[in-house]
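Under our numbering, think of the first position of the sequence shown as 1, with each following residue one higher. The block underneath contains the structure these notes are about, expressed in structure tokens.
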Amino acid sequence: MTQRTAILSIDGRSIELPILSGTLGPDVIDTRALGHHGLFTYDPGFLSTASCASDISFIDGDQGLLYYRGYPIEQLAEQSDFLEVSYLLLHGELPNEAQKRDFLAKVGKESMLHDQMGKFFQGFRRDSHPMAVMVGVVGAMSAFYRHSSDAFDPVQRQTAGLRLLAKVPTIAAWSYKYNEGEPFMYPQKRLNYAENFLYMMFATPCEEYLPNPILARALDRIFILHADHEQNASSSTVRVAGSSGANPFACIAAGIASLWGPLHGGANEATLKMLEEIGDVSRIGEYIKRAKDKTDSFRLMGFGHRVYKNMDPRAALMRQTCHEVLDELGLNDDPLFKLALELEKIALEDEYFIQKKLYPNVDFYSGIVMRAMGIPNSMFTAIFALARTVGWVAQWQEMISEPEHRIARPRQLYTGAQRRDFVPMEQRG
Ligand code: ACO
């Protein structure tokens, strides 16, 4: 088949640009040759730019589709579990029984932290936000695990990925325990990944703790749904940071920093803060009005998405989990959850939200689920980071093992001053 091309005509010159097709999704115009003509594309916020080629996940925002390695998210959420999905993301294929057993054993073995890391926590203020602790402690892993920090060594890369997947839940749970002033609880190999996280969050040495299987399953689903999401802000951050060959722990810390923002992973925490601020069903109208007002910077947190202009498939799954958890805990009549469900209903019927295709996103429901489980708001984004770690590792590994790998170095449209001469202080007026 002949190569399709796009022709860019500029000042009487024609530049032919190849059109590339992926296995799914829209074609892309390969603009790499533009630099040879002294031209660059200008696309702040990457609204029309594919920053890389990737085999890991696929989104169709108009149809509301999300696939991991080709598997629809609904099938994975309903029939798989988080560690199996992690194996899939890291290795490209689902594991067979022996591979799964081996993977689970390796994750279990790596889940403890270097003993000195426990002391590292003590340097933080007790009221530190868990994400601040996560950025610091995950970054500090490069000081503790130096022999798995060479990005250009495939064996070290694998070890680093496994360590991150296994240890980040321990770091996240300990950042909560540190806030609470409770003793750190060590991971338990007998528990599955989600149960173990609940255990490290809520168990204490003075009594037995048995994780509720419905809540553990709901948490496992949160992990699956947040595991990867193609080239979002934090994954792109990990790729850009890692493109210089920086060590993996520092790159994942950069991803955590990016995720923290309220327009990204911070949205689940911001949603609960907003619900608390609204406070009562009678005040929803006032807040909907503010969200529509162009002169007011207020946005309805947990609504809208850059890519999904139809219902986010993860939100549909999380909505189902949300009802299961509220039923299990008998919280359907809790005022905050009633308020959330009423807000969802009103926003779904409101002309402004319908027209702008602003549906509740996954973070709207995951925030409610975690709140119902007794997880404090400040831990929501840390849990998102925990779940996304495997996606970041997969994206980082794909980027660094790319044969045409190059450091990420975007160009710019300069809009500053023209060349001018330095003015000595006495002449500045
Ligand atoms: N409430 C009210 N209006 C909104 C909202 C909202 N939550 N989201 C978007 N809009 C409006 C904008 O004002 C804009 O209106 P205009 O066309 O009249 O100017 C229009 O919808 C398009 O919005 P953009 O900001 O251009 O959309 P973008 O794709 O850049 O932003 C984003 C997407 C950041 C998610 C946005 O919808 C938002 O801020 N939502 C709230 C925060 C949130 O929930 N983030 C979580 C994202 S999901 C995740 O990270 C897993």
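Glycine is no exception: its CB is placed at the ideal position from the N, C-alpha and C atoms.
Contact between Leu88 and Arg101 does not hold, since the beta-carbon distance rounds to 16 Å and is not under 8 Å.
In this chain, the beta strand (DSSP E) harbouring Glu16 covers Arg13 to Leu20.
Closer than 7 Å to some heavy atom of the ligand ACO: that describes the Cβ of Met301. According to DSSP, residue pairing for Phe303 in a beta bridge involves Pro360.
Contact check for Met370 against Phe380 passes: the beta carbons are separated by less than 8 Å. Ranking Asp30, Gly22 and Leu24 by CA distance to the CA of Ile7 puts Asp30 first. Using a Cβ-Cβ distance cut-off of 8 Å, the segment 400 to 408 and the segment 232 to 245 are in contact, since at least three pairs of beta carbons, one from each stretch, lie closer than that value. In this structure, the ligand ACO has a non-hydrogen atom nearer than 7 Å to the beta-carbon of Leu358.
Here Val138 is buried, its C-beta having at least 16 other C-beta atoms within 10 Å. Each residue's CA atom was taken as its position, placing Leu317 and Gln75 some 11 Å apart. The alpha-carbon of Asp293 is positioned some 46 Å away from that of Ser142. Beta-bridge partners of Asp60 (DSSP): Leu65. Relative to the non-hydrogen atoms of the ligand ACO, the Cβ of Val369 never comes closer than 7 Å to any of them.
Excluding five sequence positions before and after Cys322, the CB atoms of its chain that fall closer than 7 Å to its own CB belong to Tyr365, Ile368 and Val369, given in chain order. Short of 6 Å from the beta carbon of Ala387, and not among the five residues preceding or following it, lie these beta carbons of its own chain, in chain order: Phe223, His226 and Ala227.
A direct Cα-to-Cα measurement between Thr49 and Gly61 gives close to 15 Å. Beta-bridge partners assigned by DSSP to Pro44: none are found. Scanning its chain for C-beta atoms nearer than 7 Å, with the 5 sequence neighbours on each side dropped, one finds around Ser21 the residues Asp27, in chain order. Following the DSSP letters along the chain, one finds Ile222 inside the alpha helix (DSSP H) bounded by residues Pro213 to His226. The segment 337 to 348 and the segment 239 to 259 do not touch, with fewer than 3 CB-CB distances between them shorter than 8 Å.
Secondary structure in the segment 378 to 410: the alpha helix (DSSP H) runs of 4 residues or longer, each lying completely within the stretch, are 380 to 401 in chain order. Relative to the ligand ACO, the beta carbon of Gly304 is positioned inside 7 Å of a heavy atom. When DSSP assignments are scanned along the segment 64 to 116, the uninterrupted stretches of alpha helix (DSSP H) that are 4 or more residues long and fall wholly within it turn out to be 73 to 79, 82 to 91 and 97 to 110.
With 16 or more other Cβ atoms inside 10 Å of its own Cβ, Glu230 counts as buried.
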